[in-house]
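K.L.:
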Amino acid sequence: MSSDREKILELFEKHRAAPGSSFEESNFLDYLLSNPTSKRAVYNSFRGLRRFNSFLEEVQSEFSICFSLKDREANYALSKFIERIAELREEPNSSLASLRNQIKAGPGWHVLYLLNFILILLLVWLSKFPWIFGPLILCAVLLNLWFLRFAFRERVYHLRLLDKIEASKGVNGTSD
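First residue of the sequence shown? That's 62 in this note's numbering, and the numbers climb one at a time after it.
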């Protein structure tokens, strides 16, 4: 358990905005930001969420676990976070269920479809103005390419994590 704590703290420091600075263990995730102004501050900014998600993804990969959505929303103290990782390692079926739910939910294709529909409506409406038409098409293409890149990376990450969890399941001696 002590080595787990050390590894978690190592990953935590790697993803912090201010590595090496002091932090409160009771809400350590907020200290992924350099100066959290309140509890749950990490959840209230894009920069915080980016650091938070990167940290959790690396923890999941390192320990061959998958946090549920409920776990992702919980603002665990460091000791509880370490306990939760140990619980998930003991019960790989729980991690597999969470991961399969995330894979099934997908990256949010419906949002992309809606945005593309809105962009098509804008293109039709603005087709009489070629000086707006070109940049709008460029924005649509860039948005779609960005989303496809995001979806591909998420898919690859999920499949690698699935392989790791299934492999660790065999190592732990648990079976279906």
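Heads up, the beta-carbon is just placed ideally off N, CA and C, and yes, glycines get one too.
Keep in mind the model is a prediction, meaning the values are calculated, not measured.
Scan the segment 133–200 and note each continuous alpha helix (DSSP H) run of 4 residues or more that stays entirely inside, going in chain order.
P.N.:
139–151, 153–166, 170–186
K.L.:
With 16 as the cutoff for other CB atoms within 10 Å, does Ser159 come out buried or exposed?
P.N.:
buried
K.L.:
In whole angstroms, what separates the C-alpha of Ala138 from that of Lys100?
P.N.:
11 Å
K.L.:
Does DSSP classify Asn96 as helix, strand or coil?
P.N.:
coil
K.L.:
Let me make sure I understand the geometry here. Which of Cys127, Trp192, Ile164, Leu197 has the alpha-carbon closest to that of Ile179?
P.N.:
Leu197
K.L.:
Hey, Ile143 and Arg77 are a contact pair by Cβ (cut 8 Å); roughly how many whole angstroms apart?
P.N.:
About 17 Å separates the two Cβ atoms, so there is no contact after all.
K.L.:
Taking just the CA atoms, how far does Asp91 sit from Phe116?
P.N.:
12 Å
K.L.:
Could you check whether Ile69 and Leu239 sit closer than 7 Å to each other, using their CB atoms as the reference points?
P.N.:
Nothing can be reported for residue 239, as the shown portion of the chain is limited to 62 through 237.
K.L.:
Please name the residue, chosen from Ala166, Gln121, Leu175, that lies closest to Pro153 on a Cα-to-Cα basis.
P.N.:
Gln121
K.L.:
What's the gap between the Cα of Pro97 and the Cα of Val103?
P.N.:
7 Å
K.L.:
By the 10 Å Cβ neighbour count, where 16 or more other Cβ atoms means buried, how is Phe89 classified, buried or exposed?
P.N.:
buried
K.L.:
Output the distance between the C-alpha atoms of His219 and Arg150, rounded to the nearest integer angstrom.
P.N.:
Near 17 Å, if we compare the C-alpha coordinates of Arg150 and His219.
K.L.:
In three-state DSSP terms, what is Arg111?
P.N.:
helix
K.L.:
Below 8 Å, how does it come out for the segment 166–177 and the segment 205–217: are there three or more Cβ pairs, yes or no?
P.N.:
Short answer: they touch.
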